[in-house]
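Novice:
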Amino acid sequence: DEDIPEVNTGDANNITDDYAKIEGDVDMNDFDNGIVFFVYGEDESQVEDVSDDYDTYNDIDEDDEDLQKVKVDSSLDDDDSYTLGISNLNDDTDYYYRMCVQYENEDGDDEIQCGDVESFTTDED
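Anchor point for the sequence shown: position 74 equals 78 in my numbering, and the numbering is continuous, going up by one each time.
(1) If I follow the unbroken alpha helix (DSSP H) through residue 46, where does it start and stop?
(2) Between residue 28 and the rest of its own chain, which residues show a CB-CB distance below 8 Å, the 5 nearest in sequence each way excluded?
(3) Name the DSSP beta bridge partners of residue 28, please?
(4) I'd like to know whether the C-beta atoms of residue 98 and residue 66 end up nearer to each other than 9 Å.
(5) Tell me where the alpha helix (DSSP H) around residue 54 begins and ends.
(6) Short of 8 Å in beta carbon distance, which residues of its chain neighbour residue 76, apart from the five on each side in sequence? Order them along the chain.
(7) Please go through the same chain and pick out, in chain order, the residues whose beta-carbon is closer than 7 Å to the beta-carbon of residue 50, but skip the five residues on each side of it.
(8) Ignoring anything shorter than 3 residues, give me the beta strand (DSSP E) runs that lie fully in the stretch 90-116, in order along the chain.
(9) Note the first and the last residue of the continuous beta strand (DSSP E) segment covering residue 35.
(10) Quick one: residues in its chain with C-beta nearer than 7 Å to the C-beta of residue 74, no 5 flanking neighbours on either side, listed in chain order?
(11) Alpha carbons only, please: which of 38, 37 and 93 is nearest the one belonging to residue 25?
(12) Is the beta carbon of residue 31 less than 9 Å from the beta carbon of residue 83?
(13) Do residue 58 and residue 116 have their CB atoms nearer than 9 Å?
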């Protein structure tokens, strides 16, 4: 059995009333060509369900403020850390986010592996 990619969702920093910086890292282990991305939004269950509901990054349906996706790497072969600044957020609002990677599993099927869901609250304006 090959080792599936390990994904760790990091902290949120530099949080203001409309901005936050989120981070995470991915180790592809025995796999190549990982598409690395963050998902975030105000709906915890939509963020949580990404790896269950979708097989590819392109299939993920964004849903206004409830679910957004941002690709940060289109072909990861080893391990790397990522930081993403997200802006135009609503003030005094809970946001949920996680880092994910799409890869081709040993059966040749696309699969999404994600880190834990983390959260932050924007400052009041």
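Glycine is no exception: its CB is placed at the ideal position from the N, C-alpha and C atoms.
Specialist: In brief:
(1) Note, residue 46: premise wrong, no alpha helix (DSSP H); not H, not E.
(2) 11, 12, 13, 14, 42, 85, 86, 102, 103 and 119
(3) Paired residues: 13 and 86.
(4) no
(5) For residue 54, the uninterrupted alpha helix (DSSP H) segment begins and ends at 54-57.
(6) 40, 41, 42, 86 and 88
(7) 67, 70 and 71
(8) 98-108
(9) Element bounds for residue 35: n/a, residue is neither H nor E.
(10) 41, 42 and 88
(11) 93
(12) yes
(13) yes
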